[in-house]
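Count along the sequence shown from 1, then add 12; that gives the number in our numbering.
Beta carbons are placed, not taken as given, at the ideal position from N, Cα and C, and that holds for glycine.
A quick note: this is a predicted structure, and the numbers were derived from the prediction, not measured.
This report concerns only the one structure given below.
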Amino acid sequence: MPLPTVAIIGRPNVGKSTLFNRLVGKKLALVDDQPGVTRDRREGEASLIGLDFRVIDTAGYEDLDAATLPGRMRQQTEAAVALADVALFLIDARAGIVPLDEEIARWLRGSATPVILVANKAEGRAGEAGVIEALALGFGDPVQLSAEHGEGMADLFEALLPRLPEPEEDIEDDDERPDAPLKLAIVGRPNAGKSTLINRMLGEDRLITGPEAGITRDSIAVDWVWNDPRTGPRQVRLIDTAGMRKRAKVQDKLEKLSVADALHAIDFAEVVVLLLDATLGLEAQDLRIADRVLEEGRALVIALNKWDVAENASSLFNGVKKALEDGLSQVKGVTVMTVSAATGKGIDQLLGAAFETREAWSKRVGTGELNRWFERAIEANPPPAPGGKRVKMRYVTQVKTRPPSFVIFGTRVDQLPASYERYLVNSMRRDLGFGAVPVRLTFRAPKNPFDRDKK
13 MPLPTVAIIG RPNVGKSTLF NRLVGKKLAL VDDQPGVTRD RREGEASLIG LDFRVIDTAG
73 YEDLDAATLP GRMRQQTEAA VALADVALFL IDARAGIVPL DEEIARWLRG SATPVILVAN
133 KAEGRAGEAG VIEALALGFG DPVQLSAEHG EGMADLFEAL LPRLPEPEED IEDDDERPDA
193 PLKLAIVGRP NAGKSTLINR MLGEDRLITG PEAGITRDSI AVDWVWNDPR TGPRQVRLID
253 TAGMRKRAKV QDKLEKLSVA DALHAIDFAE VVVLLLDATL GLEAQDLRIA DRVLEEGRAL
313 VIALNKWDVA ENASSLFNGV KKALEDGLSQ VKGVTVMTVS AATGKGIDQL LGAAFETREA
373 WSKRVGTGEL NRWFERAIEA NPPPAPGGKR VKMRYVTQVK TRPPSFVIFG TRVDQLPASY
433 ERYLVNSMRR DLGFGAVPVR LTFRAPKNPF DRDKK
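See below:
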């Protein structure tokens with residue numbers, strides 16, 4: 013499904029292109045103090061605190077004859093609004109309301125497109141009068157922001173969120189369909205058995221293997237169909253990677269390139285299997301690799317290979333799990349499996365766990381369920397009051413999946429200690445079914461442009 017569309021409209025020189033550039037994250041539109049710089053509609057993909065949409069920068073609306081250049085520019089603006097899901101009507105808070113603003117407001121009131129009034133350049137006291145005047149336009153309280161300085165973006169997010177299509181209703185792209193191929197990368201130290209494991213999965217010697225460490229140099233992707241004993245055929249894209257040694261030991265230029273390629277493969281995977289050599293146990297380098305996977309937001313599964321020849325298997329398994337709990341502080345309870353690339357034992361269970369982990373990694377929580385969890389979590393453990401001032405958390409919203417990412421809005425949330433953030437993330441994992449996949453949680457305090465002037 014195409015991204016929802018937001019059109020930015022207003023008279024010339026109120027900051028439409030500046031806001032456009034702020035939303036798309038780059039200077040795509042020319043910006044100058046001279047009015048009328050923008051003539052054609054300019055479109056870009058915007059992301060505002062995880063809310064994705066297509067934004068259109070329009071020419072300044074001028075009430076002139078359609079045969080003139082400004083008149084033709086106005087027609088382009090009208091067409092953009094007709095196509096948009098939401099229109100952002102921008103005014104200059106410092107200049108106040110002028111007759112052309114009132115003319116645009118009259119036109120917009122006759123449009124079927126929902127309108128959000130935005131008072132730009134509202135930082136400081138200079139824009140206070142213009143914000144009050146804007147109420148007379150008939151679109152309610154304006155969102156106050158400074159496109160140039162990035163202030164008020166959280167307030168704009170709150171205004172847009174209920175007016176754009178719900179993310180749950182979006183049609184999934186090819187990668188997010190439940191039956192889409194699982195992008196599964198196998199990583200680990202040299203000679204852990206990565207290529208041997210993939211060959212065993214495929215049932216053929218597709219990749220070169222041998223006792224020498226470092227045979228694999230490029231990341232090799234192989235499309236394959238796994239016959240799941242429970243559900244039948246399932247598509248998998250297997251990615252074999254070069255072994256990753258400690259950085260200090262990587263001297264050869266080709267090996268450096270191979271390791272870089274392996275790290276790049278992690279970025280494009282959905283689930284990453286960190287393969288350990290059970291005869292060697294867990295080493296510090298394994299934890300560094302696992303940490304890199306989680307930092308990139310990928311779902312992680314640990315597999316102990318060569319389990320058929322491991323000694324003291326039970327104590328080894330428990331020792332690895334304990335070391336992972338201690339070494340991966342940001343995620344507890346990462347799935348640990350045992351396999352044998354030589355015999356094939358445990359491979360079906362490993363792949364089943366990988367698909368289940370991807371499902372959790374792609375999970376979207378319904379608004380009702382998320383709010384009920386939020387209320388329970390706060391009631392069970394209210395936020396602290398740093399410096400004696402209460403932190404008030406207003407609501408939470410999920411802004412994306414893969415990995416699951418959430419934003420909590422409230423007052424003074426920037427003062428919450430890291431321990432309380434960990435409490436919320438762990439509660440979310442436990443109560444909402446995310447397990448050990450990475451969960452991103454950020455806090456936003458809507459900014460009042462006048463706070464800096466208050467003592």
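### Message
Can you look up residue 418 in the DSSP assignment and give me helix, strand or coil?
### Response
Strand.
#### Entry: residue 316 versus residue 177 - alpha carbon distance
Those two C-alpha atoms are separated by around 44 Å.
### Message
Applying the 10 Å Cβ sphere with the 16-neighbour rule, what's the burial state of residue 331?
### Response
Residue 331 should be labelled exposed.
### Query
Relative to the alpha-carbon of residue 26, which residue among 142, 441 and 373 has its alpha-carbon at the smallest distance?
Nearest Cα to residue 26 within the set 142, 441 and 373: 142.
### Task
Taking only the alpha-carbon atoms, compute the straight-line gap between residue 166 and residue 59 and give it to the nearest angstrom.
So the alpha carbons of these two residues sit roughly 12 Å apart.
### Message
According to DSSP, simplified to helix, strand and coil, what is residue 138?
### Response
In the structure shown, residue 138 sits in a helix (DSSP, three-state: H, G or I).
### Message
Once DSSP output is grouped into helix, strand and coil, what is the label at residue 1?
### Response
No answer is possible for residue 1: it lies beyond the span of the chain, which begins at 13 and ends at 467.
### Task
Could you tell me the distance, in whole angstroms, from the CA atom of residue 380 to the CA atom of residue 420?
Each residue's CA atom was taken as its position, placing residue 380 and residue 420 some 15 Å apart.
#### Entry: Close Cβ partners of residue 126 (< 6 Å) along its chain, the five nearest in sequence each way excluded
So the list reads 98 and 175, once near-sequence residues are dropped.
### Task
Could you give the DSSP three-state label for residue 453: helix, strand or coil?
Looking at residue 453 - three-state DSSP - the assignment turns out to be strand.
### Task
Measure the alpha-carbon distance for residue 387 versus residue 432 and round it to whole angstroms.
So the alpha carbons of these two residues sit roughly 15 Å apart.
### Query
Any idea which residues DSSP pairs residue 165 with across the strands?
Within the DSSP secondary-structure output, residue 165 pairs in no beta bridge.
### Message
On the DSSP letters alone, give me the boundaries of the alpha helix (DSSP H) that residue 298 sits inside.
### Response
Run containing residue 298: 296–307, per the alpha helix (DSSP H) assignment.
### Query
Does DSSP put residue 28 in a helix, in a strand, or in coil?
For residue 28, the secondary structure class from DSSP, reduced to helix, strand or coil, is helix.
#### Entry: Nearest neighbour of residue 449, chosen from 140, 37, 365 and 163 [CA to CA]
Considering only alpha carbons, the answer is 365.
### Task
Compare the C-alpha of residue 172 against each of 409, 439 and 33 and name the closest.
Residue 409 is the option with its Cα nearest to residue 172.
### Message
Check whether chain B comes within 7 Å of residue 138, counting only Cβ atoms and requiring the distance to be less than that.
### Response
Of the chains in the structure shown, none is chain B; there is only one protein chain.
### Query
From the DSSP output, which residues share a beta bridge with residue 65?
Under DSSP, the beta-bridge partners assigned to residue 65 are 58.
### Task
Go ahead and pull the three-state DSSP assignment for residue 448.
In the displayed model, residue 448 falls within coil according to three-state DSSP, outside both helix and strand.
### Query
Mind checking whether residue 283 and residue 196 have CB atoms under 7 Å apart?
For residue 283 and residue 196, yes; Cβs fall inside 7 Å.
### Query
Nearest to residue 163 by alpha carbon, out of 151, 93 and 136?
Taking only the C-alpha atoms, the option nearest residue 163 is 136.
### Query
My guess is that residue 17 and residue 68 are in contact by the Cβ rule of under 8 Å, so how many angstroms apart are they, rounded?
Correct: roughly 7 Å between the Cβ atoms.
### Query
Between the region 285–294 and the region 195–213, do three or more beta carbon pairs fall short of 8 Å?
Yes: at least three Cβ pairs fall under 8 Å.
### Query
Using 8 Å as the Cβ pair cut-off and three pairs as the minimum, do the region 150–160 and the region 238–245 touch?
No, the region 150–160 does not touch the region 238–245.
#### Entry: Of the residues 36, 37, 14 and 108, the one placed nearest residue 23, counting alpha carbons only
The residue with the shortest Cα to Cα distance from residue 23 is 108.
### Message
Just to check my reading of the structure: residue 298 and residue 355 have Cβ atoms closer than 8 Å, yes? What is that Cβ distance to the nearest angstrom?
### Response
Going by Cβ atoms, the distance from residue 298 to residue 355 rounds to 23 Å, so no, they are not a contact pair.
### Task
Pick out whichever of 70, 343 and 202 has its Cα sitting closest to the Cα of residue 307.
When each option's Cα is compared against that of residue 307, the closest is 343.
### Query
Around the Cβ of residue 447, are there at least 16 other Cβ atoms within 10 angstroms (buried) or fewer (exposed)?
Buried, by the Cβ-count rule.
### Message
Using DSSP's beta-bridge definition, name the partner residues of residue 99.
### Response
Answer is 19 and 127.
### Task
Compute the Euclidean distance between the alpha carbons of residue 161 and residue 398, then round it to the nearest angstrom.
Here the C-alpha atom of residue 161 lies approximately 28 Å from the C-alpha atom of residue 398.
### Query
Going by DSSP, what residues sit across from residue 412 in a beta bridge?
DSSP, once it has assigned bridges, lists 417 as partnering residue 412.
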